[in-house]
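A short worksheet on the structure shown next.
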Amino acid sequence: MSRLYDTVEPSVVDEEMLQKAVEEQGPKEEAGKIAKDEGIDFGEVKKLRLDFKNVLRIDNLWCFTNLVKLQLDNNIIEKVEGLDMLTNLIWLDLSFNNIEVIDGLDKLTKLEDLTLFNNRIQTIENMDSLSNLHVFSIGNNNLKQLDNLTYLRRFPQLLTLNLSGNPICELEEYQRFVIAYLPSLEYLDYRLVDDSFRQTAYERYEISIQEIQHDEMQAERKAIEEKESAQQFALHKVTYVENLNGPQLFDGMYTDDPEGQKLNLMPGVSDLLIPYPFLILKKFAALCQEMFELGLSKHEERKKDVTMFWECFNEAKEENKESGMKHIEEFMSYKKWLWTEFGQITDQRVLDAKISEYNTKVKELWDSLMGLEMQLDAIKDFERNMSDMVAAFLEAIQGFMSQCRDLENTHHERLMEIAIVSVEKMSKNEFDDDIPEDLRDLFVDKDTIISAVQSSHDVHLMRIDNREDDLITRINHWMQNLIDEIHSNEEVIRNRKRVTEINHLIDHLREELDNLDLGSQNY
Numbered sequence: 009m010s011r012l013y014d015t016v017e018p019s020v021v022d023e024e025m026l027q028k029a030v031e032e033q034g035p036k037e038e039a040g041k042i043a044k045d046e047g048i049d050f051g052e053v054k055k056l057r058l059d060f061k062n063v064l065r066i067d068n069l070w071c072f073t074n075l076v077k078l079q080l081d082n083n084i085i086e087k088v089e090g091l092d093m094l095t096n097l098i099w100l101d102l103s104f105n106n107i108e109v110i111d112g113l114d115k116l117t118k119l120e121d122l123t124l125f126n127n128r129i130q131t132i133e134n135m136d137s138l139s140n141l142h143v144f145s146i147g148n149n150n151l152k153q154l155d156n157l158t159y160l161r162r163f164p165q166l167l168t169l170n171l172s173g174n175p176i177c178e179l180e181e182y183q184r185f186v187i188a189y190l191p192s193l194e195y196l197d198y199r200l201v202d203d204s205f206r207q208t209a210y211e212r213y214e215i216s217i218q219e220i221q222h223d224e225m226q227a228e229r230k231a232i233e234e235k236e237s238a239q240q241f242a243l244h245k246v247t248y249v250e251n252l253n254g255p256q257l258f259d260g261m262y263t264d265d266p267e268g269q270k271l272n273l274m275p276g277v278s279d280l281l282i283p284y285p286f287l288i289l290k291k292f293a294a295l296c297q298e299m300f301e302l303g304l305s306k307h308e309e310r311k312k313d314v315t316m317f318w319e320c321f322n323e324a325k326e327e328n329k330e331s332g333m334k335h336i337e338e339f340m341s342y343k344k345w346l347w348t349e350f351g352q353i354t355d356q357r358v359l360d361a362k363i364s365e366y367n368t369k370v371k372e373l374w375d376s377l378m379g380l381e382m383q384l385d386a387i388k389d390f391e392r393n394m395s396d397m398v399a400a401f402l403e404a405i406q407g408f409m410s411q412c413r414d415l416e417n418t419h420h421e422r423l424m425e426i427a428i429v430s431v432e433k434m435s436k437n438e439f440d441d442d443i444p445e446d447l448r449d450l451f452v453d454k455d456t457i458i459s460a461v462q463s464s465h466d467v468h469l470m471r472i473d474n475r476e477d478d479l480i481t482r483i484n485h486w487m488q489n490l491i492d493e494i495h496s497n498e499e500v501i502r503n504r505k506r507v508t509e510i511n512h513l514i515d516h517l518r519e520e521l522d523n524l525d526l527g528s529q530n531y
């Protein structure tokens with residue numbers, strides 16, 4: 009079930025081996041010579057054979073990004089690796105090697121045909137990303153667990169399966185089990201699946217299959233929910249108000265606050281948190297929800313304005329380009345006429361006047377073209393408006409965060425009152441015996457409990473401050489990146505290039521006049 013190391017040294021997949029393999033599989037005779045002389049781009053190779061080369065380790069294939077078929081059979085490969093860049097691979101043959109574990113296939117999402125025949129594999133696993141798998145050959149391995157084959161149910165397009173030569177094939181229920189649990193199969197171990205046998209097999213395992221289907225449906229629903237949740241979180245994150253549409257901020261205030269968690273066990277504290285006599289939690293949640301909804305709406309406004317700006321900006325560039333071309337065409341028509349006139353002028357004073365007129369026209373052309381490049385008012389207006397929008401949003405957020413701090417301060421004051429009353433009761437042995445030991449440790453004396461309450465308060469305020477700072481930092485970073493993109497990537501580079509082109513044109517027009525042989529005219 010595996011190939012032994014022979015007397016030949018294991019080979020390394022290096023540049024020389026790859027070059028030779030590509031040349032052997034490429035065009036022959038004159039076409040092959042031309043291809044060899046010009047050099048072969050590995051990125052353009054579609055098929056590659058590296059079979060019977062005593063390869064021990066897969067390596068150096070990262071250049072073959074467009075490869076669709078790869079043969080690595082009949083080697084001594086022990087581990088599947090080095091294939092991550094082959095994302096276009098459709099057909100992969102790793103048969104007759106020494107592979108023990110299926111791994112390293114995560115990036116091959118387009119793979120349709122996989123052959124692992126004659127290796128040392130004991131478990132079918134780590135293939136979840138191969139959703140397009142049609143043909144799978146894993147015969148002559150060491151598969152012993154029939155239940156492991158249910159893993160293949162995740163491949164609804166799997167039509168052909170070869171398991172022959174594995175220990176499981178000797179089990180009496182082997183064929184019925186496989187065909188019952190893999191209803192999409194058309195061929196098993198080189199044989200066409202009979203419909204009547206398929207029905208009989210399903211009836212044999214109907215109850216257990218229905219249980220699996222139920223579990224699969226639940227797993228699918230959970231996966232869909234998780235995907236939708238991740239998509240929602242991604243949307244909320246770009247609006248800078250993620251996790252403000254629930255209790256996350258309030259709960260987070262206690263995550264790193266073990267003292268606060270203990271203090272919440274004090275008699276009377278639950279009245280602050282559950283029935284809302286002071287509406288602390290309710291008001292806190294309402295403020296967070298307002299911030300969340302504001303963030304979503306303001307994000308849409310910014311997104312709309314940015315889209316509109318780029319549309320107007322690109323439209324203005326096109327208009328300026330067309331206007332510039334019109335100015336140039338008009339000048340070229342004038343120049344053509346003037347050059348004809350020069351051939352007919354015999355009076356020096358008229359000639360000088362025309363030359364002066366030409367230079368004036370050149371200067372006017374330069375002024376017109378450069379004037380088009382100086383129209384930056386739209387950019388400045390956009391930057392100012394966007395800065396105002398961001399500033400207004402941040403001002404509103406800071407107002408909400410200030411109210412959150414006020415609520416925390418109110419909660420802190422009430423908690424401090426309860427703590428002081430409680431420590432006095434503790435000193436008089438008026439506390440119930442069922443008070444948790446961790447809480448009793450805080451009531452050693454008045455200073456200890458006051459310090460614990462103040463420490464908890466500081467943690468809560470810091471959590472609010474950090475969330476506010478994070479939001480401000482991220483949206484300001486976005487604003488700066490947007491401005492940099494406009495200036496660096498668009499306006500500055502384009503403007504400099506255009507100005508250089510204009511200056512070259514003007515210099516050329518002036519040189520044309522200087523090089524014109526006007527002195528040979530008969531005056």
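Counting in our numbering, the sequence shown runs from 9 upward without gaps. Yeah, the Cβ is synthetic: ideal placement off N, Cα and C, and Gly gets one too. Since this is a predicted model, take the numbers as computed values, not measurements.
- Annotated as distal: L122 and L94, with beta-carbon spacing of 8 Å or more.
- For R128, the three-state secondary structure derived from DSSP is coil.
- Note that the stretch 262-276 does not touch the stretch 320-336; fewer than 3 beta-carbon pairs, one per stretch, sit closer than 8 Å.
- Your pair F350 and K362 checks out as a contact, with CB atoms roughly 7 Å apart and the cut at 8 Å.
- Less than 8 Å separates the beta-carbon of M409 from that of E476.
- Sorting N83, F50, K235, L75 by C-alpha distance to the C-alpha of F60 places N83 at the top.
- Runs of the beta strand (DSSP E) lying entirely within the stretch 39-107 and spanning at least 3 residues, in chain order: 55-57, 63-65, 77-79, 99-101.
- A distance below 6 Å between beta-carbons, with the five flanking residues on each side excluded, links S376 to the following residues of its chain, in chain order: H335.
- In the three-state reduction of the DSSP assignment, S331 falls in the helix class.
- Annotated as distal: F300 and V246, with beta-carbon spacing of 8 Å or more.
- The residues T73, N74, L75, V76, K118, in chain order, have a CB closer than 8 Å to that of N96 in the same chain once the five nearest residues on each side in sequence are set aside.
- Non-local C-beta neighbours of A29 in its own chain, meaning closer than 7 Å and more than five positions away in sequence, comprise L56, R57, L58, ordered along the chain.
- DSSP places L138 outside both helix and strand once states are collapsed to three, so it counts as coil.
- The residue among L273, R199, D155, G173 with its C-alpha nearest the C-alpha of I220 is D155.
- Counting along the chain, the unbroken alpha helix (DSSP H) around L26 starts and ends at 23-33.
- Residue pairing by DSSP places D121 opposite W99, V143 in a beta bridge.
- The alpha-carbon of M333 is positioned some 21 Å away from that of E519.
- Taking 4 residues as the minimum length, the alpha helix (DSSP H) runs contained wholly in the stretch 164-189 are 182-189, in order along the chain.
- Excluding sequence positions up to five before and after L138, its CB lies within less than 8 Å of the CB of L113, L116, T117, L119, L122, F163, all in the same chain and listed in chain order.
- Around the beta carbon of Y366, 16 or more other beta carbons sit within 10 angstroms, so the residue counts as buried.
- In this structure, M261 keeps its C-beta atom at 8 Å or more from the C-beta atom of M394.
- The way I'd put it, the stretch 125-137 doesn't touch the stretch 176-189; fewer than three beta-carbon pairs between them come closer than 8 Å.
- Pairing Y210 with A188 gives a Cβ-Cβ distance under 8 Å.
- For Q218, the uninterrupted alpha helix (DSSP H) run begins and ends at 214-246, by DSSP.
- Under the three-state reduction of DSSP output, S305 falls in the helix class.
- The beta-bridge partner set that DSSP reports for L196 consists of L169, R199.
- A residue is called buried when at least 16 other Cβ atoms come within 10 angstroms of its Cβ; F185 meets this threshold and is buried.
- The alpha-carbon separation between K291 and L415 amounts to approximately 8 Å.
- In this structure, the straight-line span from the alpha carbon of S430 to that of E421 is close to 14 Å.
- Of N62, C71, I66, the smallest CA-CA separation from E52 is found for C71.
- For S19, the beta-bridge partners assigned by DSSP are V63.
- If you check the CB distance, I66 and G90 come in under 8 Å.
- By the Cβ neighbour-count rule, R310 is buried, with 16 or more other Cβ atoms within 10 Å of its own.
- Take the alpha-carbon of D473 and the one of L479: they are about 10 Å apart.
- The alpha-carbon of S459 is positioned some 26 Å away from that of P255.
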